[in-house]
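In order, the protein sequence lines correspond to chains P and Z.
Position in the first sequence counted from 1, then plus 418, gives you the numbering used here.
Position in the second sequence counted from 1, then plus 418, gives you the numbering used here.
The beta carbon of each residue, even a glycine, is placed where N, CA and C say it ideally should be.
The structure presented is a predicted model; accordingly, all values stated were derived computationally and were not measured.
2 protein chains.
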Amino acid sequence: MDPHISPVELKKAYRLITHGPTVLVSARHGGVDNVMAAAWACALDFAPPKLTVVLDKATKTRELIEQSGAFVIQVPTAAQLQLTHAVGSRSLSEAPDKLAAAGVELLRVDGHDLPFVAGCSAWLACKLLPEPHNQQAYDLFIGEVVGAWADTRVFQDGHWHFESAGPEWRSLHHVAGGHFYAIGAPLSAHD
Amino acid sequence: MDPHISPVELKKAYRLITHGPTVLVSARHGGVDNVMAAAWACALDFAPPKLTVVLDKATKTRELIEQSGAFVIQVPTAAQLQLTHAVGSRSLSEAPDKLAAAGVELLRVDGHDLPFVAGCSAWLACKLLPEPHNQQAYDLFIGEVVGAWADTRVFQDGHWHFESAGPEWRSLHHVAGGHFYAIGAPLSAHD
Numbered sequence: 419m420d421p422h423i424s425p426v427e428l429k430k431a432y433r434l435i436t437h438g439p440t441v442l443v444s445a446r447h448g449g450v451d452n453v454m455a456a457a458w459a460c461a462l463d464f465a466p467p468k469l470t471v472v473l474d475k476a477t478k479t480r481e482l483i484e485q486s487g488a489f490v491i492q493v494p495t496a497a498q499l500q501l502t503h504a505v506g507s508r509s510l511s512e513a514p515d516k517l518a519a520a521g522v523e524l525l526r527v528d529g530h531d532l533p534f535v536a537g538c539s540a541w542l543a544c545k546l547l548p549e550p551h552n553q554q555a556y557d558l559f560i561g562e563v564v565g566a567w568a569d570t571r572v573f574q575d576g577h578w579h580f581e582s583a584g585p586e587w588r589s590l591h592h593v594a595g596g597h598f599y600a601i602g603a604p605l606s607a608h609d
Numbered sequence: 419m420d421p422h423i424s425p426v427e428l429k430k431a432y433r434l435i436t437h438g439p440t441v442l443v444s445a446r447h448g449g450v451d452n453v454m455a456a457a458w459a460c461a462l463d464f465a466p467p468k469l470t471v472v473l474d475k476a477t478k479t480r481e482l483i484e485q486s487g488a489f490v491i492q493v494p495t496a497a498q499l500q501l502t503h504a505v506g507s508r509s510l511s512e513a514p515d516k517l518a519a520a521g522v523e524l525l526r527v528d529g530h531d532l533p534f535v536a537g538c539s540a541w542l543a544c545k546l547l548p549e550p551h552n553q554q555a556y557d558l559f560i561g562e563v564v565g566a567w568a569d570t571r572v573f574q575d576g577h578w579h580f581e582s583a584g585p586e587w588r589s590l591h592h593v594a595g596g597h598f599y600a601i602g603a604p605l606s607a608h609d
């Protein structure tokens, strides 16, 4: 594995997404890998860490997750703006070369038969907690985080370091269409 | 109502929170008003607009929502950093003067018997869609957005204008403790 990628303690995994970034959702089943973008993903619990993600019925990634019971939520960087937009705009069902065309490279992580997207700042390997009513009525999926990793150039010792990493490491926060905001300056309240 | 506050079309209400800000959750029941901070809130659907929010069983706001079946999700600004931290750190159960001590002022909105927090950039009035299993098992609440408003100095014509509004209008994105990031620079992908 890339020497910059380091495990994150599960009890601090929520910090990887609590600031509300747009994420990439990836899954694998029957020899098929796919990746999509999702702005509607959110932390749900601390320990064991859980998260929610909204997956439209039209997406191929949802089908792979329903079949395999597992997925990865990863945090793309400003350097991956175009990749994020591309995987969020095209469906594998209509574009079989979607991943290659978007420039997606996949990483292997020992012990997890899942497609991890290279170049992201953080990865959360999730086990689907099946909730058929939520999935059917709301397109809402719940995952338990079973493994977490981050690139130490931007997340280290349990904290994001966007302010000292280069601007290419900023997380993306979707608005609409191809429009995003990067995460900005740190602000701290006093007790 | 403040002349800067303008209704947002319900079909564009999702844009008020798609970028993942930390929000303030407020509710009223039996003459009691409360406000808390929540980093784990997320859009769930476009039309009718829905959202999710995670509310711990220890919070007074959750109790008010369960009793009244309604709540407001509002987007605080960088100018409200200290207020956001304060309402997220103390419970009304232990500090009856919590709102006054945090500097919270409430607005009235005609037709909605709910406490709207003054000075925010956007407000979403929600009707609770009761889902007892989600609420008990996951502390996960689903709301349907029945009214939306924004301050036109930072959100107009269906779009955020963080880049032209002053830095005090930036949304807050919680990390941990009293630490947040403000939203940053706009980035647009090409098709």
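Under the 9 Å criterion on CB atoms, H551 of chain Z is classed as interfacial with respect to chain P. DSSP places W458 of chain P in the coil class of the three-state scheme, outside both helix and strand. The alpha-carbon of H577 of chain P is positioned some 43 Å away from that of D528 of chain Z. Think of a sphere of 7 Å around the beta carbon of S539 of chain Z: no beta carbon from chain P falls inside it, the nearest being about 13 Å out.
Secondary structure of R446 of chain Z (DSSP, three-state): strand. DSSP places R526 of chain Z outside any alpha helix (DSSP H); the residue lies instead in the beta strand (DSSP E), whose first and last residues are L524 to V527. If you ignore the 5 residues before and after H447 of chain P, its C-beta comes within less than 6 Å of the C-beta of L482, Q485 and S486, all in its own chain and listed in chain order. If you draw a straight line from the Cα of A513 of chain P to the Cα of A520 of chain P, it comes to about 11 Å.
In this structure, DSSP gives I483 of chain Z a helical state, which the three-state scheme calls helix. Residue burial is scored here from C-beta neighbours: S589 of chain P has at least 16 other C-beta atoms within 10 angstroms and is therefore classed as buried.
Taking the Cβ atoms as the reference, A504 of chain Z lies roughly 14 Å from T479 of chain Z, outside the contact range of under 8 Å. Counting along the chain, S606 of chain P sits inside the beta strand (DSSP E) bounded by residues H597 to S606. Contact annotation: A459 of chain P and T470 of chain P have beta-carbon atoms nearer than 9 Å.
The beta carbon of V572 of chain P sits closer than 7 Å to those of S539, W578, H579, F580, A583 and W587, all from its chain and outside the five residues before and after it, given in chain order.
For G561 of chain Z, the closest Cβ of chain P is not nearer than 9 Å. Listed along chain Z, the residues sitting closer than 7 Å to D609 of chain P by beta-carbon distance are G596. For K468 of chain Z, the enclosing beta strand (DSSP E) begins and ends at P467 to V472. Residues of chain Z whose Cβ lies closer than 9 Å to the Cβ of Q500 of chain P are, in chain order, A607 and H608. In the DSSP assignment, K516 of chain Z falls within the unbroken alpha helix (DSSP H) covering K516 to A520.
Distance from A476 of chain P to S509 of chain P at the Cβ level is roughly 7 Å; contact confirmed, criterion being Cβ atoms closer than 8 Å. Between the alpha carbons of D451 of chain Z and D420 of chain P lies a gap of roughly 51 Å. Nearest Cα to P466 of chain Z within the set Z:F534, Z:Q498 and Z:I560: Z:I560. At the C-beta level, V472 of chain P and D557 of chain P come within 9 Å of one another. Where V505 of chain P is concerned, the enclosing alpha helix (DSSP H) starts and stops at L499 to S507. A Cβ-Cβ distance of about 14 Å is found for the pair I491 of chain Z and L547 of chain Z, leaving them out of contact under the 8 Å criterion. For H591 of chain Z, there is no enclosing alpha helix (DSSP H); the enclosing beta strand (DSSP E) covers residues L590 to A594. In this structure, P:K429 is the residue among P:K429, P:A455 and P:D474 with its C-alpha nearest to the C-alpha of L462 of chain P.
Cα atoms of L517 of chain P and I423 of chain P: separation of roughly 22 Å, rounded to the nearest angstrom.
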